[in-house]
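K.L.:
Protein chains in written order, with the working numbering: chain V, 2 to 324; chain G, 85 to 403. A virtual CB, placed ideally from N, CA and C, is assigned to each residue, including glycine.
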Ligand SMILES: Cc1ncc(C[n+]2csc(CCOP(=O)(O)OP(=O)(O)O)c2C)c(N)n1
Ligand SMILES: [Mg+2]
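#1: Taking only the alpha-carbon atoms, compute the straight-line gap between residue 26 (chain V) and residue 76 (chain V) and give it to the nearest angstrom.
#2: For a contact defined as C-beta to C-beta under 8 Å, what are the partners of residue 57 (chain V) on chain G?
#3: Tell me whether the beta-carbon of residue 123 (chain V) lies closer than 9 Å to the beta-carbon of residue 307 (chain V).
#4: When you compare the CB of residue 203 (chain G) with every CB in chain V, is at least one pair closer than 9 Å?
#5: What number of angstroms, rounded off, separates the C-alpha of residue 128 (chain G) from the C-alpha of residue 196 (chain V)?
#6: What does residue 253 (chain G) pair with, by DSSP beta-bridge criteria?
#7: According to DSSP, is residue 181 (chain V) part of a helix, a strand, or is it coil?
#8: Grab the span of the alpha helix (DSSP H) containing residue 19 (chain V) for me, first residue to last.
#9: Once you ignore the five residues that flank residue 294 (chain G) on each side, which residues in its own chain have a CB closer than 7 Å to its CB?
#10: Thinking C-alpha only, which one of G:114, G:241, G:110 and G:398 is nearest residue 56 (chain V)?
#11: Just the chain V side, please: which residues come within less than 8 Å of residue 170 (chain G) by C-beta, in chain order?
#12: From residue 329 (chain G) to residue 322 (chain G), what distance separates their C-alpha atoms?
#13: Need the endpoints of the beta strand (DSSP E) that residue 209 (chain V) sits in, please.
#14: Shorter than 9 Å from the beta carbon of residue 73 (chain V) to some beta carbon of chain G?
#15: Can you list the residues of chain C that residue 242 (chain V) reaches, using a CB-CB cut of under 8 Å?
#16: In the DSSP assignment, the alpha helix (DSSP H) including residue 170 (chain V) goes from what residue to what residue?
#17: With distances taken from CA atoms, which of V:68, V:49 and V:8 is nearest residue 40 (chain V)?
#18: Give every residue whose Cβ lies closer than 6 Å to any heavy atom of ligand 2, listed in chain order.
#19: For a contact defined as C-beta to C-beta under 8 Å, what are the partners of residue 109 (chain G) on chain V?
#20: For residue 145 (chain G), list the residues DSSP reports as bridge partners.
#21: Does the count of Cβ pairs from the segment 71-89 of chain V and the segment 106-125 of chain V closer than 8 Å reach three?
#22: Taking only the alpha-carbon atoms, compute the straight-line gap between residue 168 (chain V) and residue 364 (chain G) and give it to the nearest angstrom.
#23: Closer than 8 Å: is that where the CB of residue 344 (chain G) sits relative to any heavy atom of ligand 1?
#24: Would a check of beta-carbon distances place residue 175 (chain G) closer than 9 Å to chain V?
#25: Can you list, in chain order, the residues of its chain with a C-beta nearer than 7 Å to that of residue 312 (chain V)? Leave out the 5 residues immediately preceding and following it.
#26: Does at least one heavy atom of ligand 1 sit under 8 Å from the Cβ of residue 269 (chain G)?
#27: Which residues of chain V have a Cβ atom closer than 9 Å to the Cβ of residue 391 (chain G), listed in chain order?
#28: Quick one: which chain G residues come within Cβ less than 9 Å of residue 111 (chain V)?
#29: Give the secondary structure of residue 182 (chain G) by DSSP, where H, G and I count as helix, E and B as strand, and everything else as coil.
#30: Short of 8 Å in beta carbon distance, which residues of its chain neighbour residue 317 (chain V), apart from the five on each side in sequence? Order them along the chain.
#31: Give the residues of chain V in contact with residue 265 (chain G), contact being defined as C-beta atoms less than 9 Å apart.
#32: What distance in whole Å lies between the Cβ atoms of residue 269 (chain V) and residue 290 (chain V), which are believed to be in contact at a cut-off of 8 Å?
#33: Select from G:378, G:319, G:189 and G:260 the residue whose C-alpha is nearest the C-alpha of residue 138 (chain G).
#34: Going by the C-beta, is residue 212 (chain G) closer than 8 Å to any heavy atom of ligand 1?
#35: The beta strand (DSSP E) with residue 259 (chain V) in it runs from where to where?
#36: Give the straight-line distance between the Cα atoms of residue 244 (chain G) and residue 281 (chain G), rounded to the nearest whole angstrom.
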């Protein structure tokens, strides 16, 4: 098995799906001639041509909406938002159109669109370019929201997203593009809406996803040195949210810490904690802890920004508080 | 124009008007809920332009969509059932007045976010271009919608990509209570199209024949590779924006002036004076329409409501 970066895994998934199905095409700002702002589609313009790798104007509302229309009329667009921060301008196209047309017209239309968007903080990009707004999108039934943490998951999930007949928002944490992991040569798919246990342990359950998962795994390595074995559940998809593995794990460890990069208020942690107490109240031995971003717009200055973000020390501290 | 064609358009326009008058009644009785936006006064636009479409052309519009739904030939009984929220409705009772659609007629529906369907039209057109067909998209929207970002992004993209879209602005003089010149920096909507490489043409939207001819010409231009086209249909809505509009923003005189140009009246005069139609002929059509509407109401009233399980169907295609 080759060890490749998450960027490469995403590139490979896109390329394989474009070779498999000629109705799959890419549209977005700088996806073509430039090769993708994060170089995910480098070489695609030359390989597939301008018909299938479409550079758009800087116009998120119509990128979002035109992708919806093309999907309704039989194509499989992969529309890229340069970053998820700009998807706010397309919130209406995503929430009021992509997520609604199937239901609102009584099942007459399908909308097999994929929106790809790099996101996340930690790169000194300032307050407007550092969001992790995943929960905002995950709030709405009708849309599927996926955010992988490893190259293996990224490839398998993106391929499933492209083949799905439903609209999918695929969020790529930009600091994960360089993360390497093993990815098999042969084809595989990972189903949307299935969580995965990334590490087993019996002392505490850590629920995380995307960049939060990498932070959680770093923390568990240190905890293990002190004899604390954490079980780590990777949500992978936020909607549909598969709570199965997290609940099973919680019933074994009786304690949980939830790690996410977004804000704590109204966040993934709040949702997961609520569901754990609803479904496993009798197993709860300690308050469920949440590790999340400080409630501030992210600043530019490096140390200051880092102090607002999650890190392994904060996860370790949260675990120790409830052990 | 052939007399038979004009008679058919007359029938369609009367059908839309009487259907909507019936809807207003049912609304007052509490049988139709939510928002109800009547198309009365604008019938010539939907009927004349949709008559000019080729079979594989697509239709998409905003929430003022009853006229378009009937003009594409959606089953009136199922349209009425949708108004009443019945499971036999075109959208299974989940859409209502604002979200009629008929996938089999290539009618992609009515959309309630002002301007939100313009990029969808661009995308639907993109899919046709991608597949290499000669189909075009007729996309309808109001004058008010030309002030929203969606309009400008969509026209620009259509221009850059030469998408086969016919943009049809139904300028009925107001967006809710705001007159065009109070909301648009240029009073002529077609001047906006110029910015995106389209010449645009103003059309008397009260004359179904003019609408038909202008649409036919524009669609021909699209199919001959001239890129997207733009028509501004000058028209007027006789009723309020939706039910319960206090109508404080316009005078009775103004409405009367436009009523003199009633699209059905204009066509009726043309039929009687230029095509030897008789009053009896037209009355027979009126009666047939009444009958059809009565049957549609009966069908809708007798149809079942959606079952409780319907709440959870069609959220996703895949479970
Ligand atoms: C984005 C958005 N803003 C506001 C509204 C509320 N609204 C509904 S219709 C309307 C007026 C639109 O006018 P116009 O485009 O001229 O269409 P008309 O109603 O005259 O057919 C407004 C403001 C809305 N539905 N969507
Ligand atoms: Mg208007």
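P.N.:
Well, looking at it:
#1: One C-alpha to the other measures close to 8 Å.
#2: Result: 241.
#3: Contact flag set, yes.
#4: Cβ-Cβ to chain V under 9 Å: yes for residue 203 (chain G).
#5: Going by the C-alpha atoms only, they are around 55 Å apart.
#6: Residue pairing for residue 253 (chain G): DSSP places it in a beta bridge opposite G:225 and G:316.
#7: Here residue 181 (chain V) sits in strand by DSSP.
#8: Note, residue 19 (chain V): alpha helix (DSSP H), 7-21.
#9: If you ignore the 5 residues before and after residue 294 (chain G), its C-beta comes within less than 7 Å of the C-beta of 287 and 288, all in its own chain and listed in chain order.
#10: The residue with the shortest Cα to Cα distance from residue 56 (chain V) is G:241.
#11: Listed along chain V, no residue sits closer than 8 Å to residue 170 (chain G) by beta-carbon distance, the nearest being about 11 Å off.
#12: Taking the straight line joining both Cα atoms gives about 12 Å.
#13: That run of the beta strand (DSSP E) goes 205-209.
#14: Under the Cβ criterion of 9 Å, residue 73 (chain V) is counted among the residues facing chain G.
#15: The structure shown has no chain C; the protein chains it does contain are V and G.
#16: Taken as a continuous stretch (DSSP letters only), residue 170 (chain V) belongs to no alpha helix (DSSP H), being part of the beta strand (DSSP E) at 169-174.
#17: Residue V:8 is the option with its Cα nearest to residue 40 (chain V).
#18: The set, ordered by position in the chain, is G:226, G:227, G:228, G:256, G:258 and G:259.
#19: Here the premise fails: no neighbours, minimum Cβ distance about 25 Å.
#20: The partner list for residue 145 (chain G) (beta bridge, DSSP) reads G:194.
#21: Touching, per the Cβ criterion.
#22: Straight through space, the alpha carbons of residue 364 (chain G) and residue 168 (chain V) are spaced by roughly 54 Å.
#23: For residue 344 (chain G), the Cβ stays outside the 8 Å cut-off from all heavy atoms of ligand 1.
#24: With 9 Å as the cut-off, residue 175 (chain G) counts as an interface residue toward chain V.
#25: Excluding sequence neighbours, residue 312 (chain V) sits near 216.
#26: No.
#27: Going along chain V, no residue has its Cβ under 9 Å from residue 391 (chain G), so there is no contact; the nearest lies around 13 Å.
#28: Contact of residue 111 (chain V) with chain G by beta-carbon distance below 9 Å involves 401.
#29: In the three-state scheme derived from DSSP, where H, G and I count as helix and E and B as strand, residue 182 (chain G) is classed as helix.
#30: Scanning its chain for C-beta atoms nearer than 8 Å, with the 5 sequence neighbours on each side dropped, one finds around residue 317 (chain V) the residues 220, 223 and 224, in chain order.
#31: Neighbourhood of residue 265 (chain G) in chain V, by CB distance below 9 Å: empty, with the nearest CB roughly 25 Å away.
#32: Contact between residue 290 (chain V) and residue 269 (chain V) does not hold, since the beta-carbon distance rounds to 13 Å and is not under 8 Å.
#33: The candidate whose alpha carbon is nearest that of residue 138 (chain G) is G:189.
#34: No, the Cβ of residue 212 (chain G) stays beyond 8 Å of every heavy atom of ligand 1.
#35: From DSSP, the beta strand (DSSP E) with residue 259 (chain V) extends over 257-264.
#36: Cα to Cα, the separation comes out at about 9 Å.
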